[in-house]
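Input: a single structure, listed below in C-alpha cells.
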C-alpha cells in the first residue's frame, strides 16, 4: 500500500482531469517562492467588491494534493492521495496527511522508503487507509478537507505545507456514507458470504450463500435491517428462470435476537470476454441495497480469499462450457 504510481483513469475514480497551470520560479528561488505561495496576500489595485476566494481557488503551492479512489482501493477502505509538484525542480515528500470531519482521525501516508521523489510538474498517487468514519450528525460540519504535506527541495530541510485537499469526485462523503451504513448494519446482524461455492452439475451456474447472523437483542432496542435487494456485479449475475433457479430474495427484514439464516443466490457469469477475470477488481463484492433506521444505501459484502478463487474458477469454466 505504501507504493506510488502515476494516476490512471478508471470507471470509479476519474472524471476529466483538472488543468494545472501555475509554474513557480525555479532553482535557488524555490524556497522564497514556497513562502510567498503559502503566506502572501495579493496586493492588487482596488477593484469592485468580489466574493472572497475559497481555499481551493487560491494559487497552488509548490505541492498540491487531491483526494481520489481507484478500483484497487474500492472495497479495501482505502483511497488515493494525488500529489503534484508544481515547481521546476525535483521535490521529495516524506508525509501527507488529510483531515476531514467525516472521519475520526487523520488519513495519513508515509513512504516506506523514507521519502517519495516528486518530479517537476508531475503527479503521483499514493494509497492511504481510511480511519473509522464519523457517523454523528454532520449537517453543520464543513465537508472541506485540509491537508499537511512535508516536502523538501534538494539540499534543503523539509518544510510542512498546510493546504486544502480537494475531493472533486466526492470520495470522502461516499466512503463515509457506506462505512456508516455498514456500521449500523453490523449492530443488527453480521452479513457474510459462505466460503464454499456450490457449483451445479453442468457447471453453468453456482450458488453463493449469504449468511445472516443477527446480534443478541440489545437494551433499548435496535432498528431492524431490511434487505431490499441483491445486485449483480461485473462478474456475476442472477441466474435466470431458464436455469430453474428461484429469484433472488427481496425485502427481507432482520431483527436482533432472531435465529441466523442463509440466503441462496444462484449466479451465472455476467460476462465471458477474455478480460473478465484477469482484470476484475470489484466482481466479487456483492452489493446489497439495505435500510437500517434512517440510513439507506448499498452495502458491499466481499468474498473472502477462498470464495474469490472459486468464483474466478467457476466463471472461467462456465464461459468455456458455453
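Numbering (UniProt numbering), first residue to last: 1 to 322.
Ideal Cβ positions, reconstructed from N, Cα and C, are used throughout, including at glycine.
Ordered along the chain, which non-local residues of its own chain (more than five positions away) have a Cβ less than 7 Å from that of residue 213? Translated into the one-based positions of the chain shown, residue 213 becomes position 213. If we look at residue 213 and ignore the five residues flanking it on each side, its Cβ neighbours are 189, 190 and 260.
First and last residue of the uninterrupted beta strand (DSSP E) at residue 125: Start at 1 with the first residue of the chain shown, and residue 125 comes out as number 125. Segment 123-129, the beta strand (DSSP E) holding residue 125.
Could you say which of 120, 219, 203 and 134 lies nearest to residue 105 if we only look at CA atoms? The residue you call residue 105 lines up with position 105 of the chain shown. Taking only the C-alpha atoms, the option nearest residue 105 is 134.
Using beta-carbon positions only, say whether residue 181 and residue 299 come within less than 7 Å of one another. Here the question's residue 181 lines up with position 181 in the chain shown. Here the question's residue 299 lines up with position 299 in the chain shown. For residue 181 and residue 299, yes; Cβs fall inside 7 Å.
Cα-Cα, which of 241, 220 and 302 is closest to residue 285? Numbered from its first residue, the chain shown carries residue 285 at position 285. Checked all of 241, 220 and 302; the closest Cα to residue 285 is 302.
Same chain, Cβ closer than 7 Å to residue 240, five either side skipped, listed in chain order: For the purposes of this step, residue 240 is taken as the residue at position 240 of the chain shown. Closer than 7 Å at the Cβ level, and outside the excluded window around residue 240, lies no residue.
Range of the contiguous alpha helix (DSSP H) that encloses residue 102: Taking the chain shown and counting its residues from 1, one reaches residue 102 at position 102. Per DSSP, residue 102 belongs to no alpha helix (DSSP H) and is neither H nor E.
What does residue 82 pair with, by DSSP beta-bridge criteria? On the chain shown, position 82 is the one that residue 82 refers to. For residue 82, which the question treats as bridged, DSSP gives the partners 66 and 125.
Buried versus exposed, by CB contacts within 10 Å (16 or more), residue 247: Start at 1 with the first residue of the chain shown, and residue 247 comes out as number 247. By the neighbour-count rule (16 or more Cβ atoms within 10 Å), residue 247 is not buried but exposed.
In terms of alpha-carbon separation, which member of 100, 71 and 175 lies closest to residue 279? What you label residue 279 is simply residue 279 of the chain shown in a count that begins at 1. Nearest option by C-alpha distance: 71.
Separation of residue 163 from residue 227, as counted between CA atoms: Residue 227 sits at position 227 when you count from the first residue of the chain shown. Residue 163 sits at position 163 when you count from the first residue of the chain shown. Rounded to the nearest angstrom, the two C-alpha atoms are 42 Å apart.
Alpha-carbon spacing of residue 78 relative to residue 127, whole angstroms: By 1-based counting over the chain shown, the position of residue 78 is 78. By 1-based counting over the chain shown, the position of residue 127 is 127. Those two C-alpha atoms are separated by around 7 Å.
Using the Cβ count rule (16 or more neighbours within 10 Å means buried), how would you classify residue 310? As a first step, residue 310 is located in the chain shown; it is residue number 310 there, counting from the start. It counts as buried.
Given that a residue counts as buried once 16 or more other Cβ atoms are within 10 Å of its Cβ, and exposed if not, what is residue 242? In the chain shown, counting from the first residue as 1, residue 242 sits at position 242. Classification for residue 242: exposed.
Whose C-beta lies closer than 8 Å to the C-beta of residue 316 among residues of the same chain, with five residues either side of it excluded? By one-based count along the chain shown, residue 316 stands at place 316. Closer than 8 Å at the Cβ level, and outside the excluded window around residue 316, lie 277.
Check whether residue 263 and residue 208 have beta carbons under 7 Å apart: Here residue 263 is taken as the residue at index 263 of the chain shown, counted from 1. Here residue 208 is taken as the residue at index 208 of the chain shown, counted from 1. It is not a contact, given that the beta carbons lie outside the stated cut-off.
What residue from 149, 173, 256 and 99 has the CA that sits closest to residue 217's CA? As a working mapping, residue 217 is identified with position 217 in the chain shown. It is 256.
So what does DSSP say about residue 172, is it helix, strand or coil? Taking the first residue of the chain shown as 1, we reach residue 172 at position 172. In this structure, residue 172 counts as helix in the three-state DSSP scheme.
Let me know the secondary structure DSSP gives residue 61 once reduced to three states. Translated into positions along the chain shown, residue 61 becomes position 61. Coil, per DSSP.
Output the residue ranges of the beta strand (DSSP E) runs that lie fully inside the stretch 277-309 and measure 3 residues or longer, sorted by chain position. 285-292 and 295-302
For a quick check, are the C-beta atoms of residue 270 and residue 307 less than 7 Å apart? Residue 270 sits at position 270 when you count from the first residue of the chain shown. Residue 307 sits at position 307 when you count from the first residue of the chain shown. Contact flag unset, no.
Spatial neighbours of residue 295 within its chain, please: CB distance less than 7 Å, with the 5 preceding and 5 following residues excluded, ordered by chain position. Working through the chain shown from its first residue, we reach residue 295 at position 295. 180, 181 and 184, listed in sequence order.
Could you give the DSSP three-state label for residue 313: helix, strand or coil? Reading the chain shown from its first residue, position 313 is the one you call residue 313. Looking at residue 313 - three-state DSSP - the assignment turns out to be helix.
Helix, strand or coil: which one does DSSP assign to residue 184? Looking up residue 184 in the chain shown gives position 184. Note: residue 184 maps to helix in three-state DSSP.
Straight-line CA distance for residue 233 to residue 90? Looking up residue 233 in the chain shown gives position 233. Looking up residue 90 in the chain shown gives position 90. Their backbone Cα atoms lie some 43 Å apart in a straight line.
Indicate the three-state DSSP secondary structure (helix, strand or coil) for residue 179 in the structure shown. Counting from one through the chain shown, the residue named residue 179 turns up at place 179. Three-state DSSP puts residue 179 in a helix.
Is residue 94 near residue 150, with beta carbons less than 7 Å apart? In the chain shown, the residue the question calls residue 94 occupies position 94. In the chain shown, the residue the question calls residue 150 occupies position 150. Yes, the Cβ-Cβ distance between residue 94 and residue 150 is below 7 Å.
I'd like to check one pair, residue 206 with residue 199: are the Cβ atoms closer than 7 Å? Locating residue 199 in the chain shown gives position 199, where the first residue counts as 1. Locating residue 206 in the chain shown gives position 206, where the first residue counts as 1. Cβ distance < 7 Å, so residue 199 and residue 206 count as in contact.
Beta-carbon within less than 6 Å of residue 211's beta-carbon, same chain only, minus the 5 sequence neighbours each way: which residues are those? For the purposes of this step, residue 211 is identified with residue 211 of the chain shown, where counting begins at 1. The answer, listed in chain order, is 192, 194 and 262.
For the putative contact between residue 108 and residue 97, defined by C-beta atoms under 8 Å, what is the C-beta separation to the nearest angstrom? The residue given as residue 108 occupies position 108 in the chain shown. The residue given as residue 97 occupies position 97 in the chain shown. About 5 Å separates the two Cβ atoms, so the contact holds.
Anyone know if the C-beta pair for residue 120 and residue 85 falls short of 7 Å? If you number the chain shown from 1, residue 120 lands on position 120. If you number the chain shown from 1, residue 85 lands on position 85. Less than 7 Å separates the beta-carbon of residue 120 from that of residue 85.
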